[in-house]
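Visitor: Before we start, here is the structure in question, set down as structure tokens.
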Amino acid sequence: MIPFLMILWVQMHKEDTLLYPDAYVNISPKKPLALIANKLLKRAFDIIVSLAVIGLVFPILFPIIIIAILLDSKGPIFYFQNRSGVNRSVFKIIKFRTLSVTESDKSFTQVSKNDSRITYVGRVLRKYNLDEFPQFFNVLLGNMSLIGPRPHPLKLDDTSNQFVSHYYERLEVKPGITGWAQVNGYRGATNPERMRSRVEHDIWYIENWSFLLDIKVLFFTVINPIFGEEHAY
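In structure tokens:
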């Protein structure tokens, strides 16, 4: 806990500080998460929050969701799919199944509004982001962070890279359960224009990261569904 508080104290200052044996050197990096101290702070926060959610929320929420999924439609409880991680590494994301059918990575089709594949329970889960809850295990495994650019299916990455400049810059950090783009309305199905805006928000987050920004994103991730989100489906 003490190392975590020390890192937090350093990060809260306007300029990041690297400690050398004989002197302090102040720097203001364009990409704050390139600094080891910031990476450690973010990782510590990821682990603490994930363990708290898994230990306190999962025992109550998981059984309810699992029973609802089983009663609502046939199929597996969880959905696994290959997604792009940091530096274009590939990992399997974990989600509660919200569709009546599951697709392979090669046959991926984005979910759209009024999509007939979405189950009744799935629509509720997606509206309140509850389908993403199993990804706290991805965070503990180190595949993801709490906050970061959302990981896209591999096929969507390949397609988006063709019309969005600097697209793969969004993969310079770990993907997140939620992100700056999502709390600003860029979630769900995307057309080329919305994808460009989503990537712009992702890159802005990477270049302007701070611990307080992560707290802000978490806050709005919880608050936004309560007031309704236009693109939550």
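According to the working numbering, the sequence shown holds residues 105 to 337 in order.
C-beta: ideal position from N, C-alpha, C; glycine also.
A quick note: this is a predicted structure, and the numbers were derived from the prediction, not measured.
1. Give a yes or no on whether the C-beta atoms belonging to F92 and V287 are separated by under 8 Å.
2. Hey, is the segment 132-151 in contact with the segment 191-200, meaning 3+ C-beta pairs nearer than 8 Å?
3. Using the DSSP secondary-structure output, state which residues sit across from G280 in a beta bridge.
4. Of all the options V326, F240, K320, R230, which has the alpha carbon lying nearest to the alpha carbon of G292?
5. Residue range of the beta strand (DSSP E) that S188 falls in?
6. From G280 to D262, what does the alpha carbon distance come to, in whole angstroms?
7. Can you tell which of R274, I168, A138, F149 has its C-alpha closest to the C-alpha of S249?
8. Go through its chain and collect everything with a Cβ distance to L112's Cβ below 8 Å, but skip five positions before and after it.
9. Could you spell out where the beta strand (DSSP E) holding V194 opens and where it closes?
10. Helix, strand or coil: how does DSSP classify P255 here?
11. Just list the residues that DSSP pairs I222 with in beta bridges.
12. What would DSSP say about K167, mapped onto helix, strand or coil?
13. Within the same chain, show all residues whose beta-carbon is closer than 8 Å to that of I222, passing over the 5 residues directly before and after it, in chain order.
14. For P238, name the three-state secondary structure that DSSP assigns.
15. Taking the C-alpha atoms as reference points, what is the distance between R227 and F237?
16. Leaving out five residues on either side along the sequence, give the residues of the same chain with a beta carbon under 8 Å from the beta carbon of D318.
17. Return the chain-ordered list of same chain residues with a C-beta closer than 7 Å to the C-beta of I170, the five sequence neighbours on each side being excluded.
18. Let me make sure I understand the geometry here. Which of P257, F331, N247 has the alpha-carbon closest to that of I151?
19. For N328, which residues in the same chain have their Cβ closer than 7 Å to its Cβ, ignoring the five residues on either side in sequence?
20. Please report the straight-line C-alpha distance between T213 and L258, rounded to a whole angstrom.
Guide: Concretely, from the data shown:
1. No answer is possible for residue 92: it lies beyond the span of the chain, which begins at 105 and ends at 337.
2. no
3. S249
4. R230
5. 182-188
6. 19 Å
7. F149
8. For L112, the predicted structure reports a pLDDT of 49, less than 50, and the residue's modelled location is therefore unreliable. The matter cannot be settled from this model.
9. 194-200
10. coil
11. L203
12. The identity of residue 167 in the sequence shown is Pro, whereas the question assumes Lys. Note: P167 maps to helix in three-state DSSP.
13. T202, L203, S204, V215, R230, Y337
14. coil
15. 15 Å
16. K146, F149, L250, I251
17. I181
18. N247
19. V287
20. 12 Å
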